[in-house]
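Asker:
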Amino acid sequence: MDRGDPTYGYKTVPARNHVDGCDWHACDCPRTEGLQIDFDGEVHAYAAEIISRLLRSDSRNSVCLDFGRRESLAPSDYKRQARGNKLPEKRAEWCPETLRNIVTSPTIRGLMSHNGEIVYGEDGMWVRVGPAMVDDSQAAELLVRMEQKPRTRTDGAAPLLDVAFCDCGGKLHLWQAKRKIKGGEKLYRNYRCQYANKGQCDAGAITAEDLESLVSSYVQLPTMLGEIEVYANHLVPGEDHTEEIEQRREALDKLTERLGMVPAGPAMDAVLRAMGEHTESMAQLEKLPQRAAEWVSVPTGETYAERCPTRLGRTWAPAHGRSLHAGCLP
Numbered sequence: 005m006d007r008g009d010p011t012y013g014y015k016t017v018p019a020r021n022h023v024d025g026c027d028w029h030a031c032d033c034p035r036t037e038g039l040q041i042d043f044d045g046e047v048h049a050y051a052a053e054i055i056s057r058l059l060r061s062d063s064r065n066s067v068c069l070d071f072g073r074r075e076s077l078a079p080s081d082y083k084r085q086a087r088g089n090k091l092p093e094k095r096a097e098w099c100p101e102t103l104r105n106i107v108t109s110p111t112i113r114g115l116m117s118h119n120g121e122i123v124y125g126e127d128g129m130w131v132r133v134g135p136a137m138v139d140d141s142q143a144a145e146l147l148v149r150m151e152q153k154p155r156t157r158t159d160g161a162a163p164l165l166d167v168a169f170c171d172c173g174g175k176l177h178l179w180q181a182k183r184k185i186k187g188g189e190k191l192y193r194n195y196r197c198q199y200a201n202k203g204q205c206d207a208g209a210i211t212a213e214d215l216e217s218l219v220s221s222y223v224q225l226p227t228m229l230g231e232i233e234v235y236a237n238h239l240v241p242g243e244d245h246t247e248e249i250e251q252r253r254e255a256l257d258k259l260t261e262r263l264g265m266v267p268a269g270p271a272m273d274a275v276l277r278a279m280g281e282h283t284e285s286m287a288q289l290e291k292l293p294q295r296a297a298e299w300v301s302v303p304t305g306e307t308y309a310e311r312c313p314t315r316l317g318r319t320w321a322p323a324h325g326r327s328l329h330a331g332c333l334p
């Protein structure tokens with residue numbers, strides 16, 4: 005929960021004095037002073053979907069396009085509507101940065117934050133203010149994924165972008181132009197080297213239909229690419245407990261300061277007990293392995309021929325090409 009409006013998927017509710025074992029969601033624990041957060045009905049389902057899809061490697065752009073087609077209100081418009089304000093004629097659009105802000109917020113871990121930074125209590129520990137949508141491992145994986153630059157592929161994108169390359173090493177870009185002919189217009193589609201217009205490559209253009217049919221035949225013919233198993237990139241989350249260790253070290257420092265200010269008796273016993281718990285926890289964390297996150301290539305159990313429907317004999321449209329690039333080629 006950021007001080008102010010909670011992150012998309014959450015709402016502010018009266019605080020409760022939660023008992024051990026409570027998950028903080030729609031519970032009947034005794035009411036207390038102040039506010040906390042809880043899941044916000046329908047938009048909680050949208051936020052959970054965003055998290056789930058990004059964890060399974062869906063791109064931010066594809067999620068944004070899908071939410072736009074479904075006419076789901078973007079967070080800014082949802083807040084306007086929740087406050088009873090009239091929505092603008094031009095609706096806010098979903099964008100990759102919006103998704104990034106949602107999934108990198110400490111709120112989805114049920115923690116209080118300020119300007120995106122976790123807020124610590126007097127005991128040096130994170131302040132919990134609501135139910136979590138992800139565990140620490142999933143939160144760490146999302147942070148790694150958000151470091152990747154989002155890529156936009158629309159329905160008009162070149163089918164063989166990042167698949168076809170010139171002999172000089174440059175990417176082949178799709179060039180399209182309409183020319184008036186007798187009876188109407190004709191669409192010309194060719195692939196050209198990205199450096200051709202810069203005077204750095206003298207390679208000629210190749211007809212898009214010929215190149216796309218060639219790639220399709222390589223996918224379909226069993227003696228060529230068709231029998232090769234498709235591999236997919238899979239993120240193996242790293243394991244780094246530095247932040248947790250530092251958190252407990254700071255908590256110990258604060259408790260040490262308090263120790264000299266409390267009188268002997270129950271209060272001092274409570275401080276000493278907390279110090280012992282932090283020391284033991286820190287020792288256990290320091291024994292755990294440290295490793296960086298990495299991407300590995302894993303088999304999918306499908307061949308290229310099984311993954312792609314036969315396209316030989318079809319007229320290649322951008323939509324077909326996009327399906328080939330996204331679903332068949334790495």
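According to the working numbering, the sequence shown is numbered sequentially starting from 5. By construction, the Cβ of each residue, glycine as well, lies at the ideal position given by its N, Cα and C atoms.
Run through the region 251 to 296 for me and flag every whole alpha helix (DSSP H) of 4 or more residues, listed as ranges in chain order.
Answerer: Qualifying alpha helix (DSSP H) stretches, in chain order: 270 to 291.
Asker: Would a check of beta-carbon distances place Gly174 closer than 7 angstroms to chain D?
Answerer: The chain labelled as chain D is not found in the depicted structure, where only one protein chain is given.
Asker: Can you tell which of Leu239, Gln294 and Gly187 has the C-alpha that lies nearest to the C-alpha of Glu248?
Answerer: Cα-wise, what sits closest to Glu248 is Gln294.
Asker: Evaluate Met265 with the Cβ neighbour count: other Cβ atoms within 10 Å of its Cβ, from every protein chain shown; 16 or more gives buried, anything less gives exposed.
Answerer: Met265 is exposed by the Cβ-count criterion.
Asker: By DSSP's criteria, Val17 is part of a beta bridge. Which residues make up the other side?
Answerer: Val17 pairs with Gln40.
Asker: Looking at the structure shown, is Cys197 part of a helix, part of a strand, or coil, going by DSSP?
Answerer: Residue state, collapsed to three classes: strand.
Asker: Are the beta-carbon atoms of His29 and Asp42 separated by less than 7 angstroms?
Answerer: Against a cut-off of 7 angstroms, the Cβ pair of Asp42 and His29 comes out as a contact.
Asker: Classify Arg4 as buried or exposed, calling it buried when 16 or more other Cβ atoms lie within 10 Å of its own Cβ.
Answerer: Lying outside 5 to 334, the shown extent of the chain, residue 4 is not represented and no answer is given.
Asker: Which partner residues does Trp179 have in the DSSP bridge list?
Answerer: DSSP, once it has assigned bridges, lists Asn194 as partnering Trp179.
Asker: Excluding five sequence neighbours on each side, which residues of the same chain lie with their C-beta closer than 6 angstroms to the C-beta of Val148?
Answerer: Correct list, in chain order: Ala297.
Asker: Just the Cα atoms here: how many angstroms apart are Pro267 and Val275?
Answerer: Roughly 11 angstroms separates the two Cα atoms.
Asker: Using 8 angstroms as the cut-off, can you tell me whether the region 163 to 180 makes contact with the region 118 to 127, which would need three or more C-beta pairs spanning the two stretches below that distance?
Answerer: No: fewer than three Cβ pairs fall under 8 angstroms.
Asker: If you draw a straight line from the alpha carbon of Arg73 to that of Arg262, how long is it in whole angstroms?
Answerer: The alpha-carbon atoms of Arg73 and Arg262 are separated by roughly 56 angstroms.
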